[in-house]
Structure formats: C-alpha cells, structure tokens
Amino acid sequence: RGPRRERIEAARAQVAAAEAAVAGLDALLAHHELRAPFAGLVTVRHREPGEIVQAGAAVVTLLDSADRWVRIYVPENRLGGVRLGQKVEIRSDTFPDKRYEGEVSFVASEAEFTPKNVQTNEERVRLVYAVKVRVTGDPGFELKPGLPADVELDAGGA
Numbered sequence: 045r046g047p048r049r050e051r052i053e054a055a056r057a058q059v060a061a062a063e064a065a066v067a068g069l070d071a072l073l074a075h076h077e078l079r080a081p082f083a084g085l086v087t088v089r090h091r092e093p094g095e096i097v098q099a100g101a102a103v104v105t106l107l108d109s110a111d112r113w114v115r116i117y118v119p120e121n122r123l124g125g126v127r128l129g130q131k132v133e134i135r136s137d138t139f140p141d142k143r144y145e146g147e148v149s150f151v152a153s154e155a156e157f158t159p160k161n162v163q164t165n166e167e168r169v170r171l172v173y174a175v176k177v178r179v180t181g182d183p184g185f186e187l188k189p190g191l192p193a194d195v196e197l198d199a200g201g202a
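Under the working numbering, the sequence shown has 180 at position 136, and the numbering climbs by one with no breaks.
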C-alpha cells in the first residue's frame with residue numbers, strides 16, 4: 045500500500061519550505077560577504093575571522109596596486125621642465141641598485157611652502173609645487189607606502 049497521498053503532499057510542502065529557507069539564508073549570507081571595491085594588496089588586517097564587525101567598520105586596509113604614487117616638490121625655477129605624462133625614474137634607499145619607472149600624473153597649480161618633513165630649514169622656506177608621480181614599474185610591490193624615494197626627472201632631477 046505505501047504512504048497516503050496527504051502525507052506525501054505534506055512531505056513535499058516541508059521540502060519546499062526547507063528549500064525556501066535555504067534560499068533565504070543564502071541571500072542573507074550574500075549580504076555578509078566582504079568584497080573589496082578594487083583589486084589590491086592587503087596591507088593591514090584590522091579584524092580577525094569570526095569577530096563581530098559593525099557596518100562600515102574597517103576590516104582591512106587595501107593598497108590599490110593600480111594607484112601607487114610618490115609625491116615630490118619641485119621649485120618654481122624648475123617647474124617648466126615638468127609635464128603631465130613625463131616618464132621618470134624612481135629610486136629608494138631600501139633597494140639602492142634598483143630603478144623603478146614612473147610618470148608625472150599631477151602638477152599643482154598653486155605654489156606652497158615646502159612641507160615641514162623636508163630636512164633643512166633652508167629648504168622649508170622655499171616655495172614649491174607639489175607633483176604626483178604614478179609608479180608604473182614595480183610589479184613586485186617593493187616600494188611600500190610611506191617609503192622615502194628619490195625621483196629623477198628628465199628636467200635634471202628633483
């Protein structure tokens with residue numbers, strides 16, 4: 045004889061309800077996945093797996109591998125030799141025998157006093173223009189954020 049039709053229908057309804065519950069939980073879980081806004085390199089992990097995190101709280105710090113740059117300051121008398129897209133060479137004391145490629149991606153339109161982190165008083169009182177150099181040739185990510193670097197411009201260096 046076998047199970048009654050009513051029991052079979054009830055079991056099917058239970059399966060459908062369970063499948064709907066699983067689908068709802070999958071949708072809820074999708075809202076709890078962490079997704080980076082861009083492809084990058086994790087430089088700092090602020091939270092550990094399993095920790096409760098409030099919405100909007102930082103979980104990691106990402107380095108945008110497509111947007112790494114060096115800020116330099118160029119005196120007014122040398123600004124004429126600097127142009128957007130200009131190819132430059134970047135050096136760092138960390139890797140003294142290596143050269144990295146870069147290109148000028150921004151030139152400030154207004155002068156400013158040299159920032160206080162420049163070493164000598166004589167240099168700090170000069171007016172300079174901020175220049176942003178995008179790092180284009182460091183596939184191994186050797187140039188870390190905050191690492192001091194020297195930039196050689198075609199115009200004679202900076």
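Virtual Cβ for every residue (Gly too), placed ideally from N, Cα, C.
So if DSSP puts residue i in a beta bridge, which residue, or which two residues, is it bridged to?
i	result
Ile134	Tyr144 and Val195
Thr105	Val88
Glu154	According to DSSP, Glu154 bridges with nothing at all.
Leu171	Phe157
Ile116	Val175
Phe139	Ser136
Gly181	Glu145
Would residue i pass as an interface residue toward chain B - the criterion being a Cβ-Cβ separation below 8 Å?
i	result
His90	Going by chain labels, chain B is absent from the structure shown, which holds only one protein chain.
On a CA-only basis, which of the options is nearest residue i? Give me that one, please.
i	options	result
Ile116	Leu187, Ile52 and Arg178	Arg178
Val86	Phe185, Leu191 and Val195	Phe185
Glu77	Ile96, Ala60 and Ala64	Ile96
Lys176	Thr138, Ala60, Asp70 and Glu196	Glu196
Glu156	Phe150, Glu120 and Gly190	Glu120
Asp138	Phe82, Glu50 and Pro189	For the sequence presented, residue 138 should be read as Thr rather than Asp. Nearest C-alpha to Thr138: Pro189.
Arg79	Lys160, Gly100, Leu128 and Gly68	Gly100
Phe150	Leu72, Gln58, Ala64 and Val118	Val118
Ser109	Ala55, Arg49 and Phe82	Phe82
Quick one: is residue i buried, meaning 16 or more other Cβ sit within 10 Å of its Cβ, or exposed?
i	result
Gly146	buried
Glu114	In the sequence as presented, Glu is not what sits at residue 114; that position holds Val. Buried is the call here.
Ala148	For the record, residue 148 in the displayed sequence is Val; it is not Ala. Buried, since its Cβ has 16 or more Cβ neighbours within 10 Å.
Asp70	exposed
Do residue j and residue i come within 8 Å of each other at the CB atom, strictly closer than that value?
i	j	result
Tyr173	Ala193	no
Asp198	Gln98	no
Arg122	Glu133	no
Leu171	Ser136	no
Val88	Val66	no
Assuming residue i and residue j are in contact, meaning their beta carbons sit under 8 Å apart, how far apart are those beta carbons, in whole angstroms?
i	j	result
Leu107	Gly84	5 Å
Ala102	His90	5 Å
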